[in-house]
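Report on the following structure.
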Amino acid sequence: MVNYQSWLSEIDDNTKLSKLSIPGTHNSAACHTALPSVQCQGESITEQLKHGVRFLDIRVGKLFVGKDVKDLQVIHGKFPVKIPFPLKLTDALKEVYDFLNDNKSEVVIVSIKQEGSDDWDNDNDEFGNLIWDNYIQPNKDKWYLNTDIPRLGDARGKALLFRRFGVKNQEREQQFGFEASYWSYNTTDEDRGSFAVQDFCEVKTGQDLPKKVDYVKEFAKRAQDYINSNDDKLFVNFTSASNFFDKDCWPEPVALAMVKGDIQDTFKKGVGIIVLDYAETDNWKLPKQLVDSNF
Numbered sequence: 057m058v059n060y061q062s063w064l065s066e067i068d069d070n071t072k073l074s075k076l077s078i079p080g081t082h083n084s085a086a087c088h089t090a091l092p093s094v095q096c097q098g099e100s101i102t103e104q105l106k107h108g109v110r111f112l113d114i115r116v117g118k119l120f121v122g123k124d125v126k127d128l129q130v131i132h133g134k135f136p137v138k139i140p141f142p143l144k145l146t147d148a149l150k151e152v153y154d155f156l157n158d159n160k161s162e163v164v165i166v167s168i169k170q171e172g173s174d175d176w177d178n179d180n181d182e183f184g185n186l187i188w189d190n191y192i193q194p195n196k197d198k199w200y201l202n203t204d205i206p207r208l209g210d211a212r213g214k215a216l217l218f219r220r221f222g223v224k225n226q227e228r229e230q231q232f233g234f235e236a237s238y239w240s241y242n243t244t245d246e247d248r249g250s251f252a253v254q255d256f257c258e259v260k261t262g263q264d265l266p267k268k269v270d271y272v273k274e275f276a277k278r279a280q281d282y283i284n285s286n287d288d289k290l291f292v293n294f295t296s297a298s299n300f301f302d303k304d305c306w307p308e309p310v311a312l313a314m315v316k317g318d319i320q321d322t323f324k325k326g327v328g329i330i331v332l333d334y335a336e337t338d339n340w341k342l343p344k345q346l347v348d349s350n351f
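My numbering applies: residue 57 is where the sequence shown begins, and numbers increase by one.
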């Protein structure tokens, strides 16, 4: 039986991450009291990791109160993921570090994306410099920061930065993790060279959810077909979609639609990263089946 807390320990050191089927979570830290359309998970980052999740999607912005930008808060769009008090990025990352300290065989891919206010001076790398100076550099021993897709043996015990923000400083860019700063909005299948992504999110009504289910299945199949002959591309497949104005398209109903739509029928070794809302749905059914497909 698979131990989901340390399942990567059963995989050979020479295996590239791109060869695996990896459970991920969408807005991973959005598991606290918040607006119902903002909450995307029912369990903490720590619980997600214990149940096999190895890709975390974290969106951050400036604190809403005060001028201090030394720490950032986790947000979903323009809304805080925790009210009335903010969830700080420092605290979200501490959960990752603590898990890896206790499970040194594991690798956690951490996607960090800038959201919220548009008043960053990104021509001068203001956001990137803040992430580097306040979060990465002081914890550099905890991160895998090369720009490649690593073998497991090279990254065990580390958080791998999946960088969803641009960096103008070319010297810094070479030591700032896996570059994933751009893909087209609402894409159903986009190849960016080192990675490919399905992130169709414009679901207008609940009746559109089967279309989203089909996109997830089709992209999982494409990932597997590719990985059978190559291993140099990460496939990132988002199951999330939403319409703020229709509660049938909020994260929890979308998560249920994925289970009912039997996306797990496509789960075979090498389907890439499947990014889930409410990953604990039906006793963690989808993360467990994704992990199991690696064996």
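The beta carbon of each residue, even a glycine, is placed where N, CA and C say it ideally should be.
In the DSSP assignment, the residues bridged to residue 129 are 117 and 144.
Per DSSP, reduced to three states, the secondary structure at residue 76 is coil, with no helix or strand assignment. In the three-state reduction of the DSSP assignment, residue 239 falls in the coil class. Taking 8 Å as the cut-off, the Cβ atoms of residue 149 and residue 129 do not count as close. Residue range 182 to 187 is occupied by the alpha helix (DSSP H) that includes residue 183. Closest option to residue 292, judged by alpha-carbon separation, among 303, 272, 298 and 285: 272.
Burial is judged here by how many other beta carbons sit within 10 angstroms of a residue's own beta carbon; residue 235 has at least 16 and is buried. Non-local beta-carbon contacts of residue 88 in its own chain, meaning distances under 7 Å to residues more than five positions away in sequence, involve 137, 138 and 143 in chain order. A Cβ-Cβ distance of about 6 Å is found for the pair residue 335 and residue 104, placing them in contact under the 8 Å criterion. Of all alpha-carbon atoms in 161, 177 and 157, the one lying nearest the alpha-carbon of residue 195 is that of 157. In the DSSP annotation of this structure, residue 331 is not part of any alpha helix (DSSP H); the continuous beta strand (DSSP E) holding it starts and ends at 328 to 332. With respect to residue 243, residue 232 sits apart: the two C-beta atoms are not nearer than 8 Å. For a cut-off of 8 Å, the C-beta gap from residue 71 to residue 109 is around 18 Å, too long to register as a contact.
For residue 81, the pairing in a beta bridge is given by DSSP as 112 and 332. Per DSSP, the beta-bridge partners of residue 218 are 167 and 234. In terms of Cβ geometry, residue 69 and residue 217 do not form a close pair [threshold 8 Å].
Shown here for residue 310: same chain residues with a beta carbon closer than 6 Å to its own, the five before and five after excluded, namely 297 and 333 in chain order. Residue environment for residue 118: buried (at least 16 other C-beta atoms within 10 angstroms of its C-beta). Nearest in C-alpha terms to residue 253, of all of 275, 77, 90 and 306, is 275. Counting along the chain, no beta strand (DSSP E) covers residue 313; the unbroken alpha helix (DSSP H) around it starts and ends at 307 to 316. One alpha carbon belongs to residue 259, the other to residue 305, and they sit about 7 Å apart. Under the three-state reduction of DSSP output, residue 247 falls in the strand class. Taking 8 Å as the cut-off, the Cβ atoms of residue 206 and residue 64 do not count as close. With 16 or more other Cβ atoms from the protein chains shown falling within 10 Å of its own Cβ, residue 314 counts as buried.
In this structure, residue 76 sits away from residue 116, with a CB-CB distance that is not shorter than 8 Å. Between residue 289 and residue 190, the beta carbon gap of about 31 Å keeps them out of contact (Cβ cut-off 8 Å). In terms of Cβ geometry, residue 249 and residue 283 do not form a close pair [threshold 8 Å].
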